[in-house]
Amino acid sequence: MESLTKTSLRVCPFVKSHSTTAMKKLAQNASLIKEASQCPIMGPAIESKRSYTQPSKAHHAQATDTVKVSKVNEDATINGTTLNKFNLNSTSNCSSSFGSNEVATNYDGIFQEKLDAKRRDNSYRFFNNINRLAKEFPKAHLQSEEDKVMVWCSNDYLGMGNNQEVFKKMVETMEKYGVGAGGTRNIAGHNRHAINLESEIAALHKKEGALVFSSCFVANDAVLSLFGKQFPDLVIFSDELNHASMIQGIRNSRAKKHIFKHNDVEHLESLLAQYPKSTPKIIAFESVYSMCGSVAPIEKFCDLADKYGALTFLDEVHAVGMYGPHGAGVAEHLDFKQHLESGIASPKNETVMDRIDMITGTLGKSFGVVGGYIAANRNMTDWIRSFAPGFIFTTSLPPSVMAGLSTSIRIVRKNIEDRVNQQLNVRYVKDEFKKLGIPVIPNPSHIVPLLVGNAADAKKASDALLDKYKIYVQAINFPTVPTGEERLRITPSPRHNKAVCDELIDSVDSLWKKLELKRVKDWENIGGHCGVGAVSEQPLENLWTDELLALKNTDLNPNVLDPVIEQLEVSSGIRV
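FYI, in this note's numbering the residues of the sequence shown are 219 to 794.
Structure (structure tokens):
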């Protein structure tokens, strides 16, 4: 400080022109600050310390480059006086030392800092150039059309993305009605394709109503956030592994929330028990969790909902098309025989699917196109249609897309053999990996997650499979899964035949050896991780039992083959 004072006495024109007595007098009557604010050095420094309640007027705003030092140790000149003793190191130091509160945020610098951090922790994501080939599913080509690879991680679980009936229907509809919907339903109206699709979805889940959204992310966000806005005392209970779309919807709802341990019924009940039965509540969960393949205890959650007066919100995104006799999801699967016998009609007795208040799903995975939806009772559907901004103000899906989706749902409903063949391929891959000690995170579903345990190795494994073996499996890292639980996620389809499966199994085995990745015994030696190598871990029974895997399309009720489905009044609005 003493050095700075001596330097200012020597070089500052203002200090040199005033006596010590004059300076003391200025300080006593508060004029010193006023005078100092005119100084090109002290002015910005004082400005940066101000506590703002409102921005300065534009013509009074302080700029950061009043005095600009552009190079290390470069001299600055003020009123003809050279300043060379302040050791101003750089422009950035000058800004932080003498800048004002009106300095613009360095947005690009912040972006770069965040990206650099992701690169350092190996969670930075690269999107591979994967071009799926409609006539060669599950193959795709990379940037070059001659460079073909086998896709093993697609969510087009049944290969409906290249179904020729769906393709033909979409082309016919596009030629007649154009490529777009013309806007939102609120402005452009809707059409027969929207009404038909929502009727098909409602019939699939045996609900009174359904609404189609541009994606299931939008559907989950729109519905959960709407509940929070319209039920002021609402409390939402959310599984800790719920999808980002549900988390976003819960945040946007601004409702009070509790996060319960994954699939933990006791923990959930302990949280529910804190509130009177009259408090509005939602239990939000998924049926199949896509990154680990675990399955929710749906019936037990329904029991708790009945006991504590809660609504149930079930996301069937990774289950529709693949579970249940007609592909309605795990809720249908739990009453398999009843639904198999009744076909498109509702069983006489109450089912698990009846007990779920809201079912959301995707139209872009097992049904092969794009979009999302919610299915519920008549009043709830109409309420969402009337109040949810995410539905009201979003451009509708094109007519061709909705027509193709209606066709896809009908095909999936009556084709149980695709569901069976997918599960047979899943079993084969899991069993062969088990023999080799490849660490598959245990689960009863169609997901085959291979535990790697760190982001760098997961990326290396994914790259090597693509580059050396022409197999595409995307590495999964944070924030999709927690740090330390990185994995490769494999999803067999009905089209991955035994020869293709054997190529995958041999390639993964070779890769695990080359990269010296942990096998099941290695995880056992450190006490297990993510269910792999846990000594006390009990074998999980597959949702598709041996008995169910013996079913054929001829075992379905004939009423599913070409059903006449009544159109929903709620899709257009209920007239009084």
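Glycine is no exception: its CB is placed at the ideal position from the N, C-alpha and C atoms.
None of these values were measured; they are calculated from a predicted model.
Distance, residue j Cα to residue i Cα
i: residue 577; j: residue 734; result: 43 Å
i: residue 473; j: residue 542; result: 33 Å
i: residue 756; j: residue 364; result: 46 Å
i: residue 777; j: residue 570; result: 22 Å
i: residue 783; j: residue 604; result: 24 Å
i: residue 235; j: residue 327; result: 42 Å
i: residue 747; j: residue 772; result: 43 Å
i: residue 787; j: residue 428; result: 10 Å
i: residue 676; j: residue 705; result: 6 Å
i: residue 557; j: residue 400; result: 39 Å
i: residue 759; j: residue 642; result: 14 Å
i: residue 741; j: residue 458; result: 24 Å
i: residue 426; j: residue 325; result: 49 Å
i: residue 774; j: residue 559; result: 7 Å
i: residue 590; j: residue 464; result: 13 Å
i: residue 612; j: residue 345; result: 27 Å
i: residue 588; j: residue 358; result: 19 Å
i: residue 631; j: residue 332; result: 46 Å
i: residue 696; j: residue 568; result: 41 Å
i: residue 391; j: residue 789; result: 20 Å
i: residue 334; j: residue 691; result: 25 Å
i: residue 349; j: residue 361; result: 8 Å
i: residue 304; j: residue 329; result: Any reading at residue 304 needs caution, since the residue's pLDDT is 40, under 50, leaving its predicted position unreliable; the model's value is listed next. Each residue's Cα considered, the two are about 32 Å apart.
i: residue 726; j: residue 661; result: 20 Å
i: residue 237; j: residue 256; result: 19 Å
i: residue 407; j: residue 385; result: 25 Å
i: residue 517; j: residue 402; result: 37 Å
i: residue 791; j: residue 405; result: 14 Å
Range covered by the beta strand (DSSP E) that runs through residue i
i: residue 590; result: 590-594
i: residue 705; result: 705-708
i: residue 533; result: 528-533
i: residue 457; result: 453-457
i: residue 501; result: 499-504
i: residue 744; result: Careful: residue 744 lies outside any beta strand (DSSP E) and carries neither H nor E.
i: residue 537; result: Here residue 537 belongs to no beta strand (DSSP E), and DSSP marks it neither H nor E.
i: residue 820; result: Nothing in the structure corresponds to residue 820, since the chain is present only between 219 and 794.
i: residue 477; result: 474-478
Alpha helix (DSSP H) segment containing residue i, residue limits
i: residue 676; result: 673-687
i: residue 721; result: 716-733
i: residue 423; result: 410-423
i: residue 796; result: Residue numbering for the chain in the displayed model covers 219 to 794; residue 796 lies beyond these limits and cannot be assessed.
i: residue 391; result: 382-395
i: residue 446; result: 434-448
i: residue 486; result: 483-490
i: residue 642; result: 634-654
i: residue 514; result: Run containing residue 514: none; DSSP gives neither H nor E here.
i: residue 405; result: 403-406
i: residue 665; result: No alpha helix (DSSP H) contains residue 665, which DSSP labels as neither H nor E.
i: residue 465; result: 462-471
Spatial neighbours of residue i in its chain, beta-carbon cut-off 7 Å, leaving aside the 5 residues before and after
i: residue 766; result: 554
i: residue 562; result: 421, 777, 778, 781
i: residue 383; result: 625, 629
i: residue 633; result: 771
i: residue 730; result: 656, 737
i: residue 381; result: 586, 626, 629
i: residue 843; result: Because the chain spans 219 through 794 in this model, residue 843 falls outside it and cannot be assessed.
Cut-off 8 Å between Cβ atoms - residues of its own chain near residue i, not counting five sequence neighbours on either side
i: residue 583; result: 373, 374, 375, 535, 536, 538, 539
i: residue 640; result: 375, 376, 540, 664, 710, 711, 712
i: residue 682; result: 729, 732, 733
Cut-off 6 Å between Cβ atoms - residues of its own chain near residue i, not counting five sequence neighbours on either side
i: residue 476; result: 455, 489
i: residue 573; result: 520
i: residue 286; result: Note that residue 286 scores a pLDDT of 42, beneath 50, so its modelled location is shaky and nothing firm can be said.
i: residue 487; result: 522
i: residue 762; result: 641
i: residue 618; result: 388, 391, 392
i: residue 438; result: 463, 464, 467, 578
i: residue 414; result: 624
Could you name each continuous beta strand (DSSP E) segment of 3 residues or more that falls completely within the segment 589-632, going from the start of the chain to the end? Fully enclosed beta strand (DSSP E) runs of 3 or longer: 590-594.
Below 8 Å, can you find three or more Cβ-Cβ pairs linking the segment 418-437 to the segment 607-623? Three or more beta-carbon pairs separated by less than 8 Å link the segment 418-437 to the segment 607-623, which places the two stretches in contact.
With three or more beta-carbon pairs closer than 8 Å as the criterion, would you say the segment 335-345 touches the segment 595-604? No: fewer than three Cβ pairs fall under 8 Å.
Any chance the segment 438-446 sits against the segment 636-654, with 3 or more Cβ pairs inside 8 Å? With a cut-off of 8 Å, the segment 636-654 and the segment 438-446 do not count as touching, because too few Cβ pairs lie within range.
Between the segment 658-673 and the segment 506-517, can you find at least three pairs of beta-carbon atoms closer than 8 Å? Verdict: yes, contact present.
Alpha helix (DSSP H) runs wholly inside the segment 309-369, at least 4 long, in chain order: The qualifying runs are 309-316, 325-338.
What are the uninterrupted segments assigned as alpha helix (DSSP H) that are 4 or more residues long and contained completely in the segment 559-590, given in chain order? List check, alpha helix (DSSP H) in window: 570-573.
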